[in-house]
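Going down the list, the protein sequences come from chains D and H.
Residue 559 in the working numbering is what sits at position 525 of the first sequence, and the numbering runs on without skipping anything.
Residue 341 in the working numbering is what sits at position 320 of the second sequence, and the numbering runs on without skipping anything.
See structure below.
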Amino acid sequence: MKRFATLYEALDRTTSTNEKVAALAAYFVSAPPEDAAWAVWFLTGRRLKRFLPGRLLAAWAMEEAGVPDWLFEESYAGVGDLAETISLILDGRGPAEPAPELPLSRWMEERLLPLRGRPPEEQRPEVTGWWLGLPRWETFVLNKLLTGELRVGVSQTLVERALAQVANAPQPAVAHRLMGTWEPTAAFFQSLLAPGGEEEEDTSRPYPFYLASPLDQPVESLGSPEEWLAEWKWDGIRSQLIRRGGAVHLWSRGEELITGRFPELARTALPLLPDGTVLDGEILAWREGRPLPFSVLQRRIGRKRLTDKVLAEAPAVFMGYDLLELEGRDVRERPLAERRRALEGLLERGRPFLLTSPAIEAAAWDEMARAREEARERDVEGLMLKRLASPYRTGRKKGDWWKWKIEPFTVDAVLIYAQPGHGRRANLLTDYTFAVWSEGELVPIAKAYSGLSDEEILALDGWLRRHTMQKFGPVRSVEPAQVFELAFEGIALSPRHKSGIAVRFPRIARWRTDKTPEQADTLEGIRRLLEGG
Amino acid sequence: MQVLLHPDDRGLFCEAGGFYIDPWKPVERAVISHGHGDHARWGSGAYLAAAPSVPILQRRLGEARIEGVPFGERVRIGEVFVSFHPAGHILGSAQVRVERDGEVWVFSGDYKRAADPTCESFEPVACHTFITEATFALPIYRWDPTAAVAGEVWEWWEANREAGRASVLFCYALGKAQRLLGELARWTDRTVFVHGSVEPLNEVYRQAGAAMLPTRPVAETVRGQPFAGELILAPPSAGGSTWMRRFGPASTAFASGWMRVRGTRRRRGFDRGFAISDHADWPDLLRTIRETGAERVLTTHGYAGSLARYLREQGIAAGTLATPFEGEMED
Ligand SMILES: [Zn+2]
Ligand SMILES: [Zn+2]
């Protein structure tokens, strides 16, 4: 536990990626494999369901420390983190001699996992006993584990980099081994550190996805358009279609196996594709040659049972755009132009369920820019630009794949509700609900949390507190006076929403202090825009 | 019970003595607990302070009438006796004891109980009414032993030295800087670079006999002076980019009690935070209140309301006094 807590502290302290990788590598070299396996589990964002509700933990801590609950509340407001507040008020109570060190794996397997499902009166003496024997920072880490909130400020790519360094294996190989389902065992960690080469593993396992970066430079600076493949940027579920060992598997980018949700895709792929084929693409809801809104696709994921009705309402296609494995060989190092040709050949007879994402022909960038202008009317998000000579990379490595999106939709809306955020923003009102006009009333259309600077958040917090009209629990209704420009990645008509529209990824673009609430948009105006466009 | 001290719009007034303690507006007679800006303000007619505080006050107040009294010596002012007792906060910092007809009030000023090689140690003073500061009066504030935190500062400096980086440690120019210079003398005798606002105060401390590392003002170095591996002490307000640029690659840290909380540490954007404070932590506030034997406690600064409420729940008569004292500021 000590070793893991020290690693967490080192990662928490620094913002330098090199220092983080160095700390991780030092840990992986020195920790016993059964511990390191658990560390990798947590570091890659895998979670265990919480063992205890934080509220119970807080109640026990208050009693142990003799702190009345109002004082605990005030302390929490100053700290903004429950696990930390508890560790701070308990500090200094333990015996001079800490309890003997127990490795992380044994903490997990012998203490925490067996805690699950037991009645609180049995859990309490266990937990309070552990608190007594641990120093402050380890108490903090333990509390995070207990409440299922352990999140370390480190990206999966950095973990992969450190493991690759220790294993002396290529990073993509390590990334590949980390995908899919695995158990945090010593054997797994040892297999992670195997030198590069043949993989024996689970045939359903996908490759790590390559992610595009937003185009942050003039498009002309990319060189000649002939060196680039341009496609529409589809808004669906990014996935890999894997045909191996006589079966088909569909993986989402979130590493979920979603084969069962799209039976028509698997049924088409099985006879069509040779064994040892992996495709990268996008699953879309599709009708008459064009994509349906993302919300339609969500019905496929959301519903418990896939009835014929759902299958018919949300028809799906796999829009292929890359080939990662062919005849059992990893072809990611081959240039895109070559992979793409092979892909087109494979999917030639894939209709109507397996398609190849069409290439957009343009001889010059300004022609390309005009094509991009059509994006909204085609219900796509913009263009993807991919370098024809590039290999298939992993993660968000910049330079070979660009997303050149159309500007998001924006709407001027009025802030009507506010409530406190979480974590370090727990003492500030940072979660807002916005509304637009409809027949003289303000109708909520979106919740947004992000987009304001720290200074704006502070200023707004003060204003909201002074102009609260009513409180419902943590939610305040406030005077409808502040106007904000909201940007959305997607906005669509939706009969399921009260407002009649559904928005995706709303964020605050600007605080329009120059506008009065009367100048905010109307629902009717937004609808007209959508229907017209 | 007599009321010996009460706040009005100018400060904490002692009517029977005709003076104010740490007034926030100019008055005729001011009794000063210590030299920090929120306690020692400019413009009063005459100042009275503990003797070791006088050189600091002279620096801050310039051409004022300042008189010093040795710790523990009783002076009669009007109908009361006044004496100063060490508060352990910074050099010369004092609690002010006021007595009239056997009734004793003590104003704590700012204080700490942890040892500090550069100033006099706190002495509990028995009293009927104790006016205590409450800057860190929440149970989350509890200081690790100073030697342990100073050891972390030293390790941080050494690690930066090995990596060829400068170490820029932000801290208050008066008190904290000198305490750090004193604490670090356990490990080294290297010269430390200091911001221009720190050096004159170092001189005052040295003349009072404080043992500290040798220092050199950054402003006196020549252009192109290499700072790799060096330690630089500066007040937080100095952290602008132009001033920082001269040090080349540098790690930054802040030494403050507020650094006890991880979120504060991260929000401030320093590479490291060292929780070292010149104020009493929660256990020491409670211990001190107990040791004075006071039957009534009045609280000022920071979490004054929380401390008073907690004391009342423990059966101690307690209330808050409204003052503009700031304690350890967050920046
Ligand atoms: Zn002070
Ligand atoms: Zn103060």
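We put the beta carbon where it would ideally sit given N, CA and C, even for glycine.
Let me make sure I understand the geometry here. Which of the options has the alpha-carbon closest to that of residue i?
i                     : options                    : result
residue 224 (chain D) : D:66, D:159, D:463         : D:66
residue 546 (chain D) : D:453, D:163, D:515        : D:515
residue 113 (chain D) : H:307, H:288, H:312        : H:288
residue 309 (chain H) : H:175, H:60, H:158         : H:158
residue 26 (chain H)  : H:203, H:93, H:153         : H:153
residue 315 (chain D) : D:519, D:270, D:340        : D:270
residue 391 (chain D) : D:42, D:204, D:355         : D:355
residue 108 (chain H) : H:322, H:299, H:343, H:320 : H:299
residue 180 (chain D) : D:207, D:149, D:156        : D:149
residue 98 (chain H)  : H:35, H:348, H:127         : H:35
residue 160 (chain H) : D:397, D:141, D:124        : D:124
residue 112 (chain H) : H:37, H:177, H:203, H:66   : H:203
residue 277 (chain H) : H:256, H:261, H:262, H:267 : H:256
residue 48 (chain D)  : H:124, H:177, H:171        : H:177
residue 274 (chain H) : H:85, H:174, H:31          : H:174
residue 421 (chain D) : D:188, D:139, D:178, D:244 : D:244
residue 276 (chain D) : D:257, D:298, D:126, D:308 : D:308
residue 259 (chain D) : D:403, D:509, D:331, D:381 : D:403
residue 63 (chain H)  : H:78, H:74, H:70, H:54     : H:78
residue 236 (chain H) : H:269, H:254, H:70         : H:254
residue 427 (chain D) : D:211, D:553, D:242        : D:242
residue 137 (chain D) : D:190, D:553, D:64, D:126  : D:64
Straight-line CA distance for residue i to residue j?
i                     : j                     : result
residue 53 (chain D)  : residue 196 (chain D) : 11 Å
residue 232 (chain D) : residue 184 (chain H) : Low per-residue confidence applies at residue 232 (chain D): pLDDT is 49, beneath 50, and the placement is therefore not dependable enough to give any value.
residue 186 (chain H) : residue 50 (chain H)  : 50 Å
residue 243 (chain H) : residue 489 (chain D) : 38 Å
residue 364 (chain D) : residue 358 (chain D) : 6 Å
residue 39 (chain D)  : residue 121 (chain D) : 13 Å
residue 59 (chain H)  : residue 222 (chain H) : 17 Å
residue 100 (chain H) : residue 23 (chain H)  : 13 Å
residue 162 (chain D) : residue 292 (chain H) : 33 Å
residue 234 (chain D) : residue 300 (chain D) : With a pLDDT of only 47 at residue 234 (chain D), under 50, the local geometry of the prediction cannot be trusted, and no value is derived from it.
residue 331 (chain H) : residue 136 (chain H) : 26 Å
residue 143 (chain D) : residue 218 (chain D) : 11 Å
residue 570 (chain D) : residue 555 (chain D) : This structure gives no information on residue 570 (chain D), because the portion of chain D shown stretches from 35 to 567.
residue 467 (chain D) : residue 474 (chain D) : 18 Å
residue 103 (chain H) : residue 87 (chain H)  : 16 Å
residue 290 (chain D) : residue 446 (chain D) : 37 Å
residue 105 (chain D) : residue 84 (chain D)  : 25 Å
residue 184 (chain D) : residue 261 (chain D) : 45 Å
residue 351 (chain H) : residue 279 (chain H) : Bear in mind that a pLDDT of 48 at residue 351 (chain H), under 50, signals an unreliable position, so the number given afterwards is only what the model happens to contain. Roughly 7 Å between the two C-alpha positions.
residue 433 (chain D) : residue 247 (chain D) : 8 Å
residue 39 (chain H)  : residue 218 (chain H) : 35 Å
residue 207 (chain D) : residue 280 (chain D) : 24 Å
residue 93 (chain D)  : residue 159 (chain D) : 13 Å
residue 567 (chain D) : residue 477 (chain D) : For residue 567 (chain D), the predicted model reports a pLDDT of 41, less than 50, meaning its position is unreliable; a value from the coordinates is still stated below. Looking at the two C-alpha atoms, the distance is approximately 22 Å.
Are residue i and residue j close, meaning C-beta to C-beta below 8 Å?
i                     : j                     : result
residue 637 (chain D) : residue 166 (chain D) : This structure cannot settle anything about residue 637 (chain D), because the visible part of chain D is limited to 35 through 567.
residue 182 (chain H) : residue 146 (chain H) : no
residue 91 (chain H)  : residue 115 (chain H) : no
residue 519 (chain D) : residue 444 (chain D) : yes
residue 42 (chain D)  : residue 175 (chain D) : yes
residue 440 (chain D) : residue 415 (chain D) : yes
residue 438 (chain D) : residue 419 (chain D) : yes
residue 535 (chain D) : residue 479 (chain D) : yes
residue 150 (chain H) : residue 317 (chain H) : yes
residue 162 (chain H) : residue 302 (chain H) : yes
| message | Just to confirm the assignment: which complete beta strand (DSSP E) runs, minimum length 3, are found wholly within the region 22 to 48 of chain H? | response | Restricting attention to beta strand (DSSP E) runs no shorter than 3 residues, the region 22 to 48 of chain H encloses them at 33 to 35, 40 to 42, ordered along the chain.
| said: To test your reading of the DSSP string, which unbroken beta strand (DSSP E) runs of 3 or more residues are found completely within the region 114 to 170 of chain H? | reply: Qualifying beta strand (DSSP E) stretches, in chain order: 115 to 121, 124 to 128, 150 to 154.
| query | Got a list of residues with beta-carbon closer than 5 Å to any non-hydrogen atom of ligand 1, in chain order? | reply | H:57, H:131
| task | Please list the segments of the alpha helix (DSSP H) lying wholly inside the region 222 to 296 of chain H, counting only runs of 4 or more residues, in order along the chain. | result | Listed in chain order, they are 262 to 266, 283 to 289.
| field | Continuous beta strand (DSSP E) assignments of at least 3 residues falling wholly in the region 382 to 464 of chain D | value | 388 to 390, 416 to 421, 435 to 439, 443 to 454, all fully within the region 382 to 464 of chain D.
| query | Which runs of the alpha helix (DSSP H), 4 residues or longer, sit entirely within the region 285 to 310 of chain D? | reply | 297 to 306
| field | Uninterrupted alpha helix (DSSP H) stretches inside the region 35 to 118 of chain D (no shorter than 4 residues) | value | 36 to 47, 51 to 64, 67 to 77, 88 to 99, 103 to 113
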